[in-house]
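Protein chains in written order, with the working numbering: chain A, -7 to 269; chain B, 42 to 275; chain C, 3 to 594. All C-beta atoms, glycine included, are put in the ideal place defined by N, C-alpha and C. This report refers to the structure that appears directly beneath it.
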């Protein structure tokens, strides 16, 4: 029976495609292997249901398609069967939801020893900022943005002065160190997306969002924008480089701090303010 | 979004109550037979227009409650500067109450078959509603003159927006009221017009209720009330 | 065809049902253009929705040309690409599917299936269509205004939607929101009709539990739409004010083209909450009518009652109610308060249970049936496969932490196309093959229909199933071109080209369907009144196509539920709902 066979082939073909597909997730580079495991669990459960439902349907079409003289059964309902199916479905759903919620709990709980890194999105480029020697990021505001202060840092904030500002450069992270990525935007929604990291989060103007990761292998990774942000959305690129400790510090030494990038203006402003008071 | 969720919960309770009267647990395949063998489940006995108005009021309520949800979410941002509610609004509120009462009076008159009183009630209701709308426009004008522009603060923006949406709904009601009045004026049988008058009155009471809620919101009373409730709970 | 002798029916005389006052058309204009007959309005809705839907289909071809063969077609630039995806999405979700299921099928089927003469407010019903048409025209006009249609994505997220970095910022976005506001006003007029007609105008004996599932699906979806569309209305009005008057409902302090903008303090997330408070129920507004219709197609063509009718009804109601508390699963990576994730993941996965029950009951209806593999049935089977596939991938995206890597990738695109694109379209097509004979009195050509089904079903599956794997790989959505990346292998580009070729093929094969619709109108085999030997009332009308007022002198009286197929002991394998018990020679107790 051709129809039944084609229906069955759709199910089998889907499974074979899944097994032999050359398109699979990128090799993971952070601690979020848990997310991959949860996806795998979900694939197993949903795959089973998919094949079972379609195989059953194909069998019905094969076995009960119209022939001269056939008459259908009369069977309004079967309470017990329906209950069992509901309970079974509930168990399957719970088996996917429970690990999902556990991993989500880890995802939103930032470890205390995570260092902060700031990523700022704007149409259509990325900027990065690392806390300086004091280990704290200074405050910022969109209203401070000026040609010599593209990230809008607060000049009066002592913590901001030693912040490392990276404009149009690549972000480096140290392997094995948990990092809390603070995300902000100065114009529209963006989304800091590195496929190998698994984690991502929208950047919303007017608020600071975050996620955290621990890089587990070194390498160079593409940064893409994953939230539509206007005409050049697809061109908003950067790179993240995960280094060993030594290379990381070597790189960090070369970076300019906020104070170094705009010393003259800051000094002038400081004297003006102290003079005014 | 808690306001709209609360509102939908109320609707769900009403819908659930109604569905519970409809014998949803019955096994329909066993209930073959003529009408009347199985009680419940027939079409409603209310006039269709009344049910239609009820459904529309639910939709309009959802709209206003969503505006209120947005209002309360936007309000928590620091740039919110409440604007002084013009005193004129209290006069307008009084006028709207008069309008509502007039239509109720008209409806009562319609039940007594008192054509003249019906007409007076409809005209009084319509006229006072028009005065209310004019008063709202005047309030806008005064606020504008005092420098409270729509774009200068979200509180202002919401004030103009909420009053405008309320006013537009009332204007829509005036169209229906106008048609009803015209029919009565041309001497339509009052028994036939009773339903129309009743629907107008219901709609007016609804608009009054919405206005009172909005007024509470705009004057900040609702905030205080919610605060008190919170304190009582904790 | 079984003719029901109206005069022979005993029981309570139908004349007790008050005759609805009908507005009788007096001229060609009031009969075919400004008609107040729900059936004519239904056809008007369907034709308008199909016309604008074809525009969206062409847009999808242009998108696929760009995605499959980047750089080849110089007439598509990045701005246009964004305009294409935006208009394609908005048209398909709202102006095609919502309008077709509720305005088209709702208008045609509700009065006929519940045994009414017409909708309860025919004049408002007519207005509803004309406002809808106006909304469609305003939407279509954006293709011709300076700057073109908006390219903000169909979600219209601020701040991007109204800033100058997005195409269509001048006119496109303003007209888009105006069109949405009009659509919602028009829909509300129609929706009031559908709801009140089901509540008020059911004929004698038509209890809720005797309603066909089609009516249950459309009715519940309409109630949901009436409550959900106001959220889109509120969001559109406020965004329009932000754009035109410079208010800051949704707009925070931001830098636009290097300059600090006039906006400040607004919350982009507020818009997302409002949008998805509408947007998620919208998924079920499209799905529930499809669920209802497909239940009736399966039951009729398998000659077997729908399995677990009560469970099906409860599931529809449960899904409708639950769908209002799952909206933020579209916002897991939006930056909203992270603790919400637990709640919304749980509600989202719970909704899978009533949905799964519906799927089980469809396939269990096939068990020991007498399955006629006619075109509507084939489409129903195609629906089950695509819906199960799309529904199961929904369990990935609804489970909050799994959504994190997959959101905003092609996985999402594949998922929602499968579940609310292909699956409902399968039902729409199946339903057209099913009810075309009632609308026109002629059958659609069977051979062309089967060809149409296989190309559409297999083609759509080949388009969207592999697309999930591009998303797993990490290919982001809404990208004009992928450019240089280290993680996308060249084979992914080949897959994209393959998908594009299939998409164009499937798109063009719809010409066969359009031809079939037109050809059969004149040359199709005459169908008679009840070609599928179905039980529901619309097949029992005295005339086919049904005349103005649907029924003859008297309204039908209903004596049974809608699924008396293959009742043991009955002479025929179906008993129409309006057939009195005496006439069926039912063996007592055999049915229990």
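- Of the candidates 91(A), 119(A) and 189(A), 189(A) places its Cα closest to the Cα of residue 22(A).
- Only residues of its own chain outside the window of five on either side were considered, and among them 99 have a CB closer than 7 Å to the CB of residue 52(B), listed in chain order.
- It is roughly 38 Å from the alpha-carbon of residue 232(B) to the alpha-carbon of residue 135(C).
- Counting only runs of at least 3 residues, the region 357 to 409 of chain C fully encloses no beta strand (DSSP E) element at all.
- Annotation: residue 456(C) is outside any beta strand (DSSP E); the continuous alpha helix (DSSP H) that includes it extends over 448 to 475.
- Fewer than three beta-carbon pairs drawn from the region 175 to 194 of chain C and the region 294 to 311 of chain C are found closer than 8 Å, and the two stretches are therefore not classed as touching.
- Look at the region 381 to 410 of chain C: the residues with a C-beta under 7 Å from a C-beta of chain A are 383, 386, 387, 390, 391, 394, 397, 398, 401, 402, 403, 404, 406, 407 and 410.
- Taking C-beta atoms under 8 Å as the contact rule, residue 121(A) and residue 143(A) qualify, at a distance of about 6 Å.
- Looking at 157(C), 58(C), 73(C) and 107(C), the one whose alpha-carbon comes closest to that of residue 142(C) is 58(C).
- At least one CB of chain A lies nearer than 8 Å to the CB of residue 70(B).
- In this structure residue 234(A) does not touch residue 256(C) by the C-beta definition: roughly 32 Å separates them, more than the 8 Å allowed.
- Within the region 184 to 196 of chain C, the residues whose Cβ lies closer than 9 Å to some Cβ of chain B are 190, 193, 194 and 195, listed in chain order.
- With a contact defined as Cβ atoms closer than 8 Å, residue 557(C) and residue 205(C) qualify at about 5 Å.
- With 16 or more other CB atoms across the displayed protein chains lying within 10 angstroms of its CB, residue 145(A) is buried.
- Following the DSSP letters along the chain, one finds residue 203(A) inside the beta strand (DSSP E) bounded by residues 201 to 205.
- By the neighbour-count criterion, in which a residue is buried when 16 or more other Cβ atoms sit within 10 angstroms of its Cβ, residue 49(C) is exposed.
- With respect to chain C, the C-beta atom of residue 108(A) has no partner C-beta closer than 8 Å.
- DSSP places residue 59(A) in no beta strand (DSSP E); its state is neither H nor E.
- Annotation: the continuous alpha helix (DSSP H) that includes residue 135(B) extends over 129 to 152.
- The beta carbon of residue 64(B) sits closer than 8 Å to some beta carbon of chain C.
- Residue environment for residue 241(A): exposed (fewer than 16 other C-beta atoms within 10 angstroms of its C-beta).
- Assignment of beta-bridge partners to residue 112(A) by DSSP yields 119(A) and 176(A).
- Taking the C-beta atoms as reference points, residue 95(C) is found no nearer than 8 Å to residue 107(B).
- Under a 10 Å Cβ-count criterion, residue 56(A) is classified as buried, with 16 or more other Cβ atoms of the shown protein chains found around its own Cβ.
- The continuous beta strand (DSSP E) containing residue 185(A) extends over residues 182 to 185.
- The secondary-structure analysis by DSSP pairs residue 166(A) across a beta bridge with 235(A).
- With a threshold of 8 Å between beta carbons, residue 161(C) makes contact with chain A.
- Contacts with chain B at 8 Å (Cβ-Cβ) do not include residue 457(C).
- When the beta-carbon positions are compared, residue 278(C) and residue 330(C) come within less than 8 Å of each other.
- Excluding its 5 nearest sequence neighbours in each direction, residue 274(C) has C-beta neighbours in its own chain below 6 Å: 333 and 336, listed in chain order.
- The three-state secondary structure of residue 125(B), taken from DSSP, is coil.
- Membership of residue 158(C) in any alpha helix (DSSP H) is not indicated, and neither H nor E is assigned to it by DSSP.
- Residue 157(A) sits in a strand when the DSSP states are folded into three classes.
- One thing to note: residue 185(A) has its Cβ within 8 Å of the Cβ of residue 478(C).
- At a beta-carbon threshold of 8 Å, the residues of chain B lying near residue 68(A) are 68 and 70, ordered along the chain.
- Chain-order list of chain C residues neighbouring residue 85(A): 351, 352, 354, 355, 358 and 397, by C-beta distance under 9 Å.
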